[in-house]
Amino acid sequence: MTLELNRLTEAIAEMGRALAGREQERGRQVEQARAWLSLFATSAAALETAAAECGAAIPTAEPLDLVSPLPTLPEQYTVIGVDGSEVQPDRHGVALYHLINIGSLVYRHGSGETPEARSAPHLYYRDDEIYEGTTLVAGNLLDVRRAHAEVEHLAERVEAEPAGPLLALVDGTLLLWVLEDLPAERRQEKIVRYLDLLARIRARGAALAAFTSRPRYAEVGRLLHLARVGGDVHRAQTEPNPLERLPDQAIFSFLPPGSRSALFISPSPVNTTAYAPRGQRVCFFYVNVAAEGVEPEIARVEVPLWVTTAAAPTGEPLLALVHGGVVAQSRILGGFPYVLARADELAYISGAERELLEDMVGTALLAAGLPADLSTKAFYKTLTRRGRRF
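Those letters in the sequence shown? Residues 183 to 572, per my numbering, in order.
This is how it looks when you write it as structure tokens:
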């Protein structure tokens, strides 16, 4: 063991004391935020343009302090969840490739049927697959490719379902924020492809949502600060915001079990420049997915704006299906949607599986008459991490 934990004993104890003090300060911030939430409940609706400039949650017609109770769900409805994982390309490995594994679960509430699980691995090794121009597909680029694969798989599973109330869920966000560093032309190409996949889900009359557990966003806090300075963008950007480090989930921890907050529109620039023109503008709300008598569990749920106004083929409002379906799924496990937990399990690639994959690739290379050698660096790391010394 090389991490000398005994050297961290005092630092960890000090961290505990510091976090306890921060929690007391956070309690005061929450009280202030809730007072402003009530004070500016209806007046903040006029701050749409200013909020976008400040990176604050963009208000909708719903009052900021809205508490929307848990809606009634149909007796039978379907929830599909997808998640993905990847093996990054390794220039020290036996070959240059990457892998994306997608897991999904179809859960038909009220049918008595066993949930339908599936995993779908995809191996990429050709030059036009592992490079974009001269750039190796890795890091954020591979994250985007995985997001495309997840939503494409979700669209296929949605299209395979019969008509009826249907909720399609992904983990995290619907916004491709990791594209912001790409050149404009490549960024636009990837966004259009992703939005076309969302449009396929919309065309089937399904509700679409993304779920974030323990969200760290502070966009509503920025909106309240903006409202406090009268909508003055300059003051909002230069004067200290007492709520800047307060997560929005803390503000909404007053929500009763099953209830959701008001709707807000995401201030992400890509939401305005790319999503909105193609009818996929993303909004969000906070919801307490905990059961009665349990500590609040506040999650953030993103939906395209069209979900807030459309209905399923059988007449159920899609927003109510998202709200109620997310809560029902989360209560199966006590705070996180069951379909997403199972999809993650199905997509997960263990360390042993990664090693076996590399061995299979090496065997295939040898069978084809090619060398299958690790780099010197990787070879010695393999030795030391397995307990051998040299």
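Cβ coordinates follow ideal geometry from the N, Cα and C atoms, glycine included.
query                                                                                                                                                                                       : result
Looking only at C-alpha atoms, which of Arg427, Pro256, Asp555 and Ala525 sits nearest to Ser293?                                                                                           : Pro256
Pull up the CB-CB distance for Thr260 and Tyr289, whole angstroms please, since I reckon it's below 8 Å.                                                                                    : 7 Å
Kindly indicate which three-state DSSP category Thr491 falls into: helix, strand or coil?                                                                                                   : coil
How big is the Cα-Cα spacing for Asp414 and Leu408?                                                                                                                                         : 7 Å
Using the C-alpha atoms, what's the distance from Ala549 back to Ser448?                                                                                                                    : 52 Å
Are there 16 or more other CB atoms within 10 angstroms of the CB of Glu421, so buried, or fewer, so exposed?                                                                               : exposed
Between which two residues does the alpha helix (DSSP H) containing Val415 stretch?                                                                                                         : Val415 to Thr420
DSSP state of Tyr306, grouped into three classes?                                                                                                                                           : strand
With DSSP run on the structure shown, which of helix, strand or coil describes Asp541?                                                                                                      : helix
Identify, in the order they occur along the chain, each residue of the same chain with its Cβ nearer than 8 Å to the Cβ of Leu515, setting aside the five sequence neighbours on each side. : Ala523
For Asp353, count neighbouring Cβ atoms within 10 angstroms of its own Cβ and tell me buried if that reaches 16, exposed if not.                                                            : buried
Could you pull the start and end residues of the beta strand (DSSP E) that Ile433 belongs to?                                                                                               : Looking at the DSSP string, Ile433 is not in any beta strand (DSSP E); the run it does join, the alpha helix (DSSP H), is Asp430 to Ile433.
Got a sec? Which residues, its chain only, sit under 6 Å from Leu348 by beta carbon, not counting five neighbours each side?                                                                : Thr260 and Ala388
Report the rounded CA-to-CA distance for Arg386 versus Pro451, giving the unit in angstroms.                                                                                                : 28 Å
What are the boundary residues of the alpha helix (DSSP H) that Gly403 is part of?                                                                                                          : Glu401 to Arg410
How close, in whole Å, do the beta carbons of His330 and Arg384 come, if the pair is a contact with beta carbons under 8 Å?                                                                 : Not confirmed; about 17 Å, so no contact.
On the three-pair Cβ rule with 8 Å, is the region 432-441 touching the region 210-222?                                                                                                      : yes
Give the range of the alpha helix (DSSP H) segment to which Val212 is assigned.                                                                                                             : Thr191 to Leu221
Per DSSP, which residues does Gly503 bridge with? Please list them.                                                                                                                         : Just to set this straight, residue 503 is Leu in the shown sequence, not Gly. DSSP lists no partner for Leu503.
Taking the straight line between their C-alpha atoms, what separation do you get for Val485 and Leu356?                                                                                     : 8 Å
Confirm, please, whether the CB-CB distance from Leu425 to Ala215 is below 7 Å.                                                                                                             : yes
Between Gly315, Leu252, Leu380 and Leu248, which has its C-alpha nearest Ala337's C-alpha?                                                                                                  : Leu380
Could you give the residue range of the alpha helix (DSSP H) that holds Ala366?                                                                                                             : Ala366 to Ala385
Assign Asn283 to one of three DSSP states: helix, strand, or coil.                                                                                                                          : strand
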